[in-house]
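Remarks on the structure that follows.
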Amino acid sequence: MTRGDGPAARTRADGGYRDRDEGRLLVVVIRITVGVVARLRVRWAVLRREATEPPVVATPTPPRSR
């Protein structure tokens, strides 16, 4: 095995497309993960706020006088 062999040499041999595709895939996975985490944080905050709010007691409406 000579110096320069290995995965990097193979990606250079195919024009480096594998590295670029893996980079794009990583970017897509990160974007999806960030979006999912953001949605979960919003949902968690809403659930936490609902859990800490005092329950709303319905007051009967007084009858209208005519």
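For my numbering, count along the sequence shown from 1 and bump the result up by 34.
Don't be surprised by glycine CBs; every beta carbon is placed ideally from N, CA and C.
Straight-line Cα distance separating residue j from residue i
i   : j   : result
R65 : L59 : 10 Å
E84 : T67 : 26 Å
V90 : V70 : 31 Å
R75 : R98 : 45 Å
P88 : R73 : 25 Å
Residues near residue i by beta carbon distance below 8 Å, same chain, minus five either side
i   : result
V62 : none
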